[in-house]
Structure formats: structure tokens, C-alpha cells
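Novice:
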Amino acid sequence: MEQTPHDDVVIIGAGIGGLTLALALRERGIDATVLERTAELREVGAAVALSANATTLFRRLGIYDALEEVSWAQTDLVFRDGRTGATLGRTPVGSAYRERFGADYWGVHRADLQRVLSDAVGAERIRLSHHVLDLHEEDDRVLLDLADGSRRSAGIVVGADGARSLLRRWVVGYDDAIYSGRSGFRGIVPTEQLTELPDPRAIQFWIGPTGHLLHYAMGGQGQDVNFLAVSRTPQEWTAEGWVEPARDEEKFLPFAGWHPAVTQMLGAGEVDQRWALMRRPPLSTWHRGRVVLLGDAAHALVPHHGQGANQSIEDTWALAEELAAADPADPTPAFEAYEGRRRLRTRAVQFASWQVAEVLHLPDGPAAEARNAEMATTDYFEDKLAWIHGYDPTVDSGIRPGARVLNR
Ligand SMILES: Cc1cc2nc3c(=O)[nH]c(=O)nc-3n(C[C@H](O)[C@H](O)[C@H](O)COP(=O)(O)OP(=O)(O)OC[C@H]3O[C@@H](n4cnc5c(N)ncnc54)[C@H](O)[C@@H]3O)c2cc1C
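1164 is the number of the first residue of the sequence shown in the numbering used here; add one for each residue after it.
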């Protein structure tokens, strides 16, 4: 029987990108199979902030209402001086954001997001404990070797296997991760414990020369706060993996003498790990043979714009559209069309994400003063972030009809 992409697409990785792709493919009549190495869908990194460029797609995929129930729409975007707590800039989110971009800016537990996504995909399409160890191409088929010794074959394979992607290594030929010079500590704290925190239901950046603290409210009632404290140390990453045990003195040192809201949050969170914040250089191609990359596997970025998951979600629409039109005998033109739609966009967001930390961590002096003066007068969603948050992945150009948005 002739193989068609409609029954022959295998997605490696049931993360945010892989599961959303399965839904976007189904929208086009393709029932893909998702292979996931873990025995259960575990939360990777506790929480995620989803902006309108992604949540707008969830509306199209029919899961917006289910997600809205477990998500918190941020009240404001606030920048503060990390040491004094002074407000440097404030832009309302809430209904103004929804009106501008047509969807919400949510904070959500990853476990909740993965549950909604996997329920929508359906357990019968997700194969847990399917750890892909290697792959080969043979006679227009991709052969996947699994950790349990079994082998599967597929006509088209999508590598949605995250920032430490095996499939990216297979496409590129080597591991190209680069330490960004910054590391992070992450935690979740019940909002009611944060007695020192002004604006507990806003997304806030507390900034200074040694690092920054980013936090946002999440859960259906905004009952929890997720934080990421980013430190400029160590300058080099020497540990073997991307995560190492965190000692308290490391966690607090960059924030010593900072505002009590910052130190209270760091002290209240159960933080026992330090994460290396890694980046990867942009690739000139995201595919090899019958394998194509999506999400972090294609364009992992540092989390300072909170865009990794959102970019993975954006990718899914273009890839689903191109795969639906692909010639099963030769998917390369479809892969190239997908890359063509996504490459510049993801590069621009990758680059902007690297730059954010430089701006937030400026040393005290005239440049920091100029930044602060600009923050005081900036409407972030009008002046700085519209090109990211106002992008609509379901519209070919990304420019929402009637939107005043500059897309890169
Ligand atoms: C500290 C930090 C904070 C962040 N905060 C945000 C945020 O607020 N907003 C945002 O948009 N992004 C954020 N991100 C980035 C975001 O987490 C990622 O960009 C996003 O999860 C990428 O989605 P993905 O589907 O590409 O990969 P993942 O979600 O990582 O999923 C990959 C999946 O593939 C599976 N897998 C891996 N290898 C194999 C294999 N060989 N065989 C089978 N399965 C495999 C994994 O188990 C996993 O389930 C943050 C990242 C970090 C490090």
C-alpha cells in the first residue's frame, strides 16, 4: 500500500511543541503518532507564560476555554529597580492586551498545559516510554531505534525533542549548545506567602547589574507565583549537564541587599537546582532527508523574552499546513516552505532574547539611567513587544488583519 503523510507522521517528543503539532495536524486531517521518552508527561520547568501569539492558536485549536480555566491573565507588565523596588515602568495587560492582540497573556502550570494538550490529542496517539536512541534512513523510510530494543519506521519524522535534541544533532552532525554566561534558579510560591510583594498578579522584572528576577502569577485564580532568578554567574559552565545542585549562598549572592520582595520570594521557593541558560546558534537548515525539526530542537533560545514555548507553538501551524500539502514521495519542498516561513521570525526572537539580559543587567551609570528613563515612558505592548505578541501564526504573513504591528 502506498504510504501517505496522512498516516505516517511520527513526532518525537510530547512536549509543548510536539503535542500542539499533533493537534494542528489533526485540524488538517493528519493523525500523527507522538513518541515520548518519559513514562508519564512530566512538567519540564514548572510553569510557562503564554503570550497572544501562541494563545490565539489555542483558540483555533479549540482548547482556549479549557486553558483559560487553569491560567491567569496578567494584570500589568512592571519593571522595578531590584534594589529599591521603585517602579521604572508599567504597562497594563488584562483587557487592554486582549483587545489589542485578540487573546490573553497567561501564566499556567506546565502540568495543566500538558494535561489539556494531551487530553485533546488523546492517549491513543501518544506512546509513552518510547525513548528514541538513534535513527537511520533506508529506502525512503526513517528507522527509529528505541531504548527497549524495538524499531519503528516512519515516512516523515518531526524532531520536537527539546533544547537537548537528539534529532538536531542528527541534522547538524554535532552538539552546538553554547552557555549564555547566565544561570537561573526557578521556583513556585503560593501568592499569599509573598507579603512583601507589590502587584502580586502582574508579570514583573526586578532588575540590577548582577541579575534579574522575573515572576508572574499563574493558576486559575492567580494563586501561585512562578519565578526565574537570573544571575550573571558563573561566567563559564563546567558542570557536565545543564542543571547542577544549587547552594543557598549561590542563590542569594547576586541579590544580596535587594528589595525584601525579592529576597522573600527566593527564600520561600524550594530552589535546589541551578540551570545553565544555554543558547544555540541559528541553523541554515532545519531538515535532513525525511526528518524536520520544530521548537527548541530547531531554535532553542534563552528565556529572557519568555518566548521558547510560544515560538514552538507558532511553528506548529506552518509545519502542519506544509505537511498537509506535502508530496509523500518527496517532503523536502514542504520542509523548505516551512523553514522559509519560520526562519527569520525565530531568528529575530532568538536575537532579541539574548539582548534582553544585556539591557536588564546594565551596570550603574548613564546607560542604565537612560534605560530607566525610557522605561518610564514606554508602552511596552505598543512600542516594544507588538512585533512578538501581535504576530498571528494562523495568518500567512503573521500580520493580524487590522493590526498595527511590525513583524520581522
Ligand atoms: C528557566 C526557563 C524558563 C522558561 N520560561 C518560559 C516561558 O515563560 N515562556 C516560554 O514560552 N518559554 C519558556 N521557556 C522555554 C520553554 O520551556 C521551551 O522553549 C519549550 O518547552 C520548548 O518546547 P518543545 O516542545 O520544543 O520542547 P520541550 O517542551 O522541551 O519537549 C521536548 C519533549 O521531548 C521529549 N524527548 C526528548 N528527547 C527524546 C527522545 N530521544 N525520544 C523521545 N522523547 C524525547 C522530552 O521528554 C520532552 O517531553 C523557559 C525555559 C527555561 C529553561
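We treat Cβ as the ideally placed atom computed from N, Cα and C, and that holds for glycine.
Just checking Trp1438 against ligand 1 - is the residue's beta carbon closer than 7 Å to any of the ligand's heavy atoms?
Specialist: Answer for Trp1438: yes, Cβ within range of ligand 1.
Novice: Compute the beta-carbon to beta-carbon distance between Leu1298 and Val1305, rounded to the nearest angstrom, for a pair I have assumed lies under 8 Å.
Specialist: 6 Å
Novice: Would a C-beta distance cut-off of 8 Å place Ala1549 and Ile1179 closer than the cut-off?
Specialist: no
Novice: Quick test of your reading: Leu1464 and Ser1346, contact by CB under 8 Å. State the CB separation rounded to the nearest angstrom.
Specialist: At roughly 16 Å, the Cβ-Cβ gap does not stay under 8 Å, so Leu1464 and Ser1346 are not in contact.
Novice: In this structure, how does DSSP classify Ile1226 when only helix, strand and coil are distinguished?
Specialist: If DSSP states are grouped into helix, strand and coil, Ile1226 belongs with coil.
Novice: Please state the DSSP three-state secondary structure of Val1295.
Specialist: strand
Novice: Any chance the CB of Arg1200 is under 7 Å from a heavy atom of ligand 1?
Specialist: yes
Novice: Could you tell me which whole beta strand (DSSP E) segments of length 3 or greater appear in the segment 1259-1296?
Specialist: Complete beta strand (DSSP E) runs here, min 3: 1269-1272.
Novice: Quick one: what's Met1538 bridged to in DSSP?
Specialist: In DSSP, Met1538 forms no bridge with anything.
Novice: So if DSSP puts Met1441 in a beta bridge, which residue, or which two residues, is it bridged to?
Specialist: DSSP lists Tyr1342 as the beta-bridge partner residues of Met1441.
Novice: On the criterion of 16 or more Cβ atoms from any shown chain inside 10 Å, does Val1173 qualify as buried, or is it exposed?
Specialist: buried
Novice: Would you tell me roughly how many angstroms separate the C-alpha atoms of Glu1532 and Leu1280, rounded to the nearest one?
Specialist: Inter-residue distance for Glu1532 and Leu1280 is about 44 Å (C-alpha atoms, whole angstroms).
Novice: Counting along the chain, where does the alpha helix (DSSP H) carrying Ile1175 start and finish?
Specialist: No alpha helix (DSSP H) holds Ile1175; the beta strand (DSSP E) holding it covers 1172-1175.
Novice: Provide the residue(s) that pair with Phe1348 in DSSP beta bridges, ordered along the chain.
Specialist: Bridge partners of Phe1348: Ala1392.
Novice: Would you be able to state if there are at least three C-beta pairs under 8 Å between the segment 1336-1352 and the segment 1394-1412?
Specialist: Yes: at least three Cβ pairs fall under 8 Å.
Novice: Below 8 Å, can you find three or more Cβ-Cβ pairs linking the segment 1539-1559 to the segment 1246-1257?
Specialist: yes
Novice: Straight-line CA distance for Ile1476 to Gln1277?
Specialist: 13 Å
Novice: Assign Phe1418 to buried or exposed, taking buried as 16 or more other Cβ atoms, counted over all protein chains shown, within 10 Å of its Cβ.
Specialist: buried
Novice: Whole angstroms is fine: what's the gap from Glu1359's alpha carbon to Glu1502's?
Specialist: 46 Å
Novice: Whose C-beta lies closer than 7 Å to the C-beta of Gly1176 among residues of the same chain, with five residues either side of it excluded?
Specialist: Excluding residues up to 5 positions away in sequence, Glu1199, Ala1323, Asp1324, Gly1325 lie with their Cβ nearer than 7 Å to the Cβ of Gly1176 in the same chain.
Novice: Any heavy atom of ligand 1 closer than 7 Å to the Cβ of Ala1481?
Specialist: no
Novice: Which residues in the same chain have their Cβ closer than 6 Å to the Cβ of Ala1461, if we skip the five residues on either side of it in sequence?
Specialist: Trp1449
Novice: Helix, strand or coil: how does DSSP classify Asn1570 here?
Specialist: Bear in mind that a pLDDT of 41 at Asn1570, under 50, signals an unreliable position, so the model cannot answer this.
Novice: By Cβ distance, which residues of its chain are closer than 6 Å to Ser1316, with the 5 residues on each side in sequence left out?
Specialist: Arg1304, Leu1306
Novice: Regarding Asp1459 and ligand 1, is the C-beta to nearest heavy atom distance less than 7 Å?
Specialist: yes
Novice: Could you tell me the distance, in whole angstroms, from the CA atom of His1552 to the CA atom of Leu1416?
Specialist: Those two C-alpha atoms are separated by around 34 Å.
Novice: Near Ala1515, what residues of its chain come up, given a Cβ to Cβ distance below 7 Å and the 5 sequence neighbours on each side ignored?
Specialist: His1468
Novice: Sort Gly1458, Glu1433, Gly1385 by Cα distance to Leu1391 and report the nearest one.
Specialist: Glu1433
Novice: Within 7 Å: the Cβ of Ala1177 and any heavy atom of ligand 1?
Specialist: Indeed, a heavy atom of ligand 1 lies less than 7 Å from the Cβ.
Novice: Can you give me the C-alpha to C-alpha distance between Asp1311 and Ala1212, rounded to a whole angstrom?
Specialist: 35 Å
Novice: Ligand 1 and Pro1526: does any heavy atom of the ligand fall closer than 7 Å to the residue's C-beta?
Specialist: no
Novice: Please confirm whether any heavy atom of ligand 1 lies closer than 7 Å to the CB of Asp1324.
Specialist: yes
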